[in-house]
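Please read the structure below before turning to the comments.
There are 2 protein chains.
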Amino acid sequence: MAPTSISEPVNARSRRTRATLLAAAHAILKEEGFEALTMTAVAARAGVTRRAVYMHFPTRAELVGALFDHVSAVEGLAESVAEVWAAPDAAAALDAWAAHLARYHTRLIPVDRAVQRVWRLDPDAAAHRERVVAEKLSTCRRLADRLNGEGRLAAGWTAESAADMLFALISSDMIEALVVDRRWSRRRLADHLALLFRSTFVAGDGTPARPAAPAH
Amino acid sequence: MAPTSISEPVNARSRRTRATLLAAAHAILKEEGFEALTMTAVAARAGVTRRAVYMHFPTRAELVGALFDHVSAVEGLAESVAEVWAAPDAAAALDAWAAHLARYHTRLIPVDRAVQRVWRLDPDAAAHRERVVAEKLSTCRRLADRLNGEGRLAAGWTAESAADMLFALISSDMIEALVVDRRWSRRRLADHLALLFRSTFVAGDGTPARPAAPAH
DNA sequence: AACTTAAGTACACAATGTGTGTACTTTATG
DNA sequence: CATAAAGTACACACATTGTGTACTTAAGTT
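Residue numbers (this note's numbering), protein chains in the order written: chain A, 722 to 937; chain B, 722 to 937.
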């Protein structure tokens with residue numbers, strides 16, 4: 722949402738090109754993976770000079786950062802998270818959170834990997850990372866606080882530690898292992914994540930209050 | 722343990738150089754991260770020509786693959802896992818597994834990242850990956866089977882799904898989020914992982930049978 | 001419609017990195 | 001000691017990230 726660069730695009734052509742570049746980058750990432758996401762490839766796919774890419778994104782890191790924001794918008798991050806807060810109580814919110822992870826993050830894996838990579842090797846991308854991490858963490862904190870506020874936080878956890886663990890469980894490694902390596906369906910993933918969350922974080926919820934145990 | 726390449730080293734000098742190269746690579750990875758792990762850097766650190774590195778490892782992917790095996794041996798993977806099987810029952814084995822992850826995988830993060838990267842971009846490294854994944858999965862499967870065999874597998878899980886989830890929870894993302902971002906100590910990590918594992922996978926174990934709940 | 005400026009093109013260039021080729025020199029080992 | 005493997009010292013091809021600069025085209029402005 723918040724633009725990474727300070728200056729707004731001035732020209733209509735510029736705005737159009739920028740959008741084309743991001744769309745091209747997104748397509749390449751999905752179809753060919755991070756390694757294929759070179760400035761040359763983006764330029765070629767967008768039908769534009771490589772030099773032009775550098776007018777919009779001075780470095781590859783900035784391209785990837787912008788791509789993250791673009792994909793968040795396109796894939797509807799805000800809407801997906803909104804469903805979590807629409808839940809009637811904290812335990813249901815955890816279920817919704819599991820559903821969100823299964824729905825949204827399974828689609829996000831390639832972009833997420835790209836972003837992580839850039840963060841690791843580019844100090845300039847630190848600001849962008851800080852923002853995203855803070856956002857994720859605050860969402861998890863809100864979930865944990867709600868659970869705690871309703872007096873349903875399981876023994877052994879504090880609002881802080883539960884938030885941290887929930888934060889850690891937003892992991893592309895984990896989701897990829899299940900969905901790609903173990904070929905889990907999104908449904909199976911959502912159900913079992915919900916089960917894990919409930920049994921771990923919700924007090925007195927040995928078996929969840931859902932349509933029974935998942936048995937897919 | 723199993724050598725990646727078929728042919729044994731023939732020469733004593735060769736064996737020495739190979740060891741020096743792996744040690745150099747390991748040091749670079751730990752001290753400067755994956756980006757710094759170039760063939761030139763390894764050669765320089767080992768006091769050898771860049772060309773010589775290519776005699777031992779035809780590609781960077783093969784170097785990283787060999788490095789993984791090297792680090793597994795040096796950091797004592799087998800010994801660390803052995804403690805898991807020494808546990809008296811399945812629930813205790815889960816605790817030991819949590820301790821293993823906290824002990825071993827926190828040290829492994831840079832190498833693990835490097836290996837993952839190589840896997841993603843190098844089809845030739847697939848064989849190595851297959852082997853490692855199969856090993857991890859079989860360990861998790863053994864844990865889940867034991868739990869199931871003792872009749873203590875929690876509702877909602879089968880031996881398969883529990884094994885898959887345990888497998889997915891061996892995640893550098895997750896461990897890094899807790900240890901690096903959230904500055905958890907290894908102790909804290911081990912305790913909370915154990916708590917998560919027990920409450921998720923062990924039937925009738927709402928609060929663990931350990932020195933009480935972790936409260937660090 | 002003419003003017004002005006931003007955006008994009010078409011080159012060329014430097015710096016790194018991977019990986020190969022080849023003739024020469026050193027070192028292990030029978 | 002003789003021989004073959006291991007390592008050196010070059011040089012090369014290629015890909016990729018960035019930068020520089022003169023030119024052209026499209027978009028706003030008056």
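We treat Cβ as the ideally placed atom computed from N, Cα and C, and that holds for glycine.
Spatially closest choice to residue i from the options, by CA coordinates
i, options, result
"A/Ala835", "A/Leu788, A/Ala811, A/Ala884 and A/Pro779", "A/Leu788"
"B/Arg867", "B/Ala814, B/Thr741 and B/Ala765", "B/Ala814"
"B/Glu851", "A/Ala811, A/Ala865 and A/Asp902", "A/Asp902"
"B/Val854", "B/Ser735, B/Ala884 and B/Asn869", "B/Ala884"
"B/Gln794", "B/Val832, B/Arg772 and B/Ala782", "Note that residue 794 of chain B is Ala in the sequence shown here, rather than Gln. Out of B/Val832, B/Arg772 and B/Ala782, B/Val832 has the C-alpha closest to the C-alpha of B/Ala794."
"A/Leu899", "A/Leu914, A/Leu887, A/Ala817 and A/Ala764", "A/Leu914"
"B/Ala767", "B/His747, B/Glu753 and B/Glu756", "B/His747"
"A/Gly870", "A/Thr738, A/Phe888 and A/Phe922", "A/Phe922"
"A/Ala846", "A/Ala764, A/Pro779 and A/Ile896", "A/Pro779"
"B/Trp840", "B/Leu784, B/Thr770 and B/Leu887", "B/Leu784"
"B/Thr827", "B/Ser801, B/Ala876 and B/Arg734", "B/Ser801"
"B/Tyr825", "B/Ile896, B/Arg772 and B/Leu874", "B/Ile896"
"B/Val774", "B/Leu742, B/Val731 and B/Lys751", "B/Leu742"
"B/Val769", "B/Arg734, B/Glu753, B/Glu752 and B/Gly877", "B/Arg734"
"A/Gly754", "B/Leu842, B/Leu858 and B/Thr879", "B/Leu842"
"A/Leu890", "A/Asp912, A/Phe918, A/Arg904 and A/Ala812", "A/Phe918"
"B/Ala812", "B/Gly872, B/Phe888 and B/Arg904", "B/Gly872"
Span separating the alpha-carbon of residue i from that of residue j
i, j, result
"A/Asp797", "A/Glu856", "Going by the sequence as given, residue 797 of chain A is Gly instead of Asp. Between A/Gly797 and A/Glu856, the C-alpha separation is close to 15 Å."
"A/Thr761", "A/Ala808", "45 Å"
"A/Thr860", "B/Leu822", "26 Å"
"A/Ser906", "A/Ala819", "13 Å"
"A/Arg862", "B/Pro844", "40 Å"
"A/Pro929", "B/Ile830", "Low per-residue confidence applies at A/Pro929: pLDDT is 44, beneath 50, and the placement is therefore not dependable, though the value from the model is reported in the following sentence. Going from the Cα of A/Pro929 to the Cα of B/Ile830 covers about 34 Å."
"B/Ala744", "A/Asp810", "54 Å"
"A/Gln837", "B/Gly925", "39 Å"
"B/Met722", "B/Ala782", "Residue placement at B/Met722 cannot be trusted, given a pLDDT of 38 that sits under 50; what the coordinates show is reported in the next sentence. About 18 Å."
"B/Arg736", "B/Leu758", "21 Å"
"A/Ala764", "A/Thr738", "10 Å"
"B/Met776", "B/Met886", "41 Å"
"A/Ala865", "B/Glu881", "29 Å"
"B/Ser893", "B/Asp816", "19 Å"
"B/His720", "A/Arg909", "Not covered by the structure: residue 720 of chain B. The range shown for chain B is 722 to 937."
"A/Val731", "B/Leu750", "44 Å"
"A/Leu916", "B/Gly877", "8 Å"
"A/Arg772", "A/Ala803", "39 Å"
"A/Ser920", "B/Thr879", "15 Å"
"B/Ala740", "B/His849", "20 Å"
"A/Glu756", "B/Glu756", "15 Å"
"A/Leu874", "B/Asp912", "17 Å"
"B/Phe888", "B/Val805", "15 Å"
"B/Ala799", "B/Gly786", "18 Å"
"B/Pro752", "B/Arg904", "Going by the sequence as given, residue 752 of chain B is Glu instead of Pro. Roughly 19 Å between the two C-alpha positions."
"A/Leu858", "B/Leu858", "30 Å"
Closer than 9 Å at the beta carbon, the chain A residues around residue i
i, result
"B/Leu874", "The premise fails here: B/Leu874 is roughly 11 Å from chain A at the closest Cβ pair, so nothing lies under 9 Å."
"B/Arg841", "Gly754, Phe755, Glu756 and Arg834"
"B/Val769", "By Cβ distance, chain A contributes nothing, its closest Cβ being about 26 Å from B/Val769, past 9 Å."
"B/Asp902", "Val854, Leu858, Asp885, Phe888 and Ala889"
"B/His821", "What B/His821 touches in chain A: nothing, since even the nearest Cβ is about 17 Å away."
Interface partners of residue i on chain B, CB under 8 Å
i, result
"A/Leu815", "By Cβ distance, chain B contributes nothing, its closest Cβ being about 13 Å from A/Leu815, past 8 Å."
"A/Trp963", "This structure does not reach residue 963 of chain A, given that chain A is present from 722 up to 937, and the question cannot be answered."
"A/Met895", "Ala889, Leu890, Ser892, Asp894 and Met895"
Chain A residues whose Cβ lies nearer than 7 Å to that of residue i
i, result
"B/Leu916", "Gly877"
"B/Leu899", "Asp885 and Ala889"
"B/Ser920", "Ala875, Ser920 and Thr921"
"B/His913", "Ser882 and Met886"
Under 8 Å from the C-beta of residue i: neighbouring residues of chain A
i, result
"B/His826", "Correct list: empty, because the minimum Cβ distance to chain A is about 11 Å."
Heavy atom of the ligand NAD within 7 Å of residue i beta-carbon
i, result
"B/Asn869", "The ligand NAD is absent from the structure shown, which contains no ligand whatsoever."
- Whole beta strand (DSSP E) runs in the region 866-913 of chain A with 3 or more residues, listed along the chain? none
- Any chance you could list the alpha helix (DSSP H) runs of at least 4 consecutive residues sitting entirely within the region 780-867 of chain B, in chain order? 781-795, 798-806, 811-821 and 827-842, all fully within the region 780-867 of chain B.
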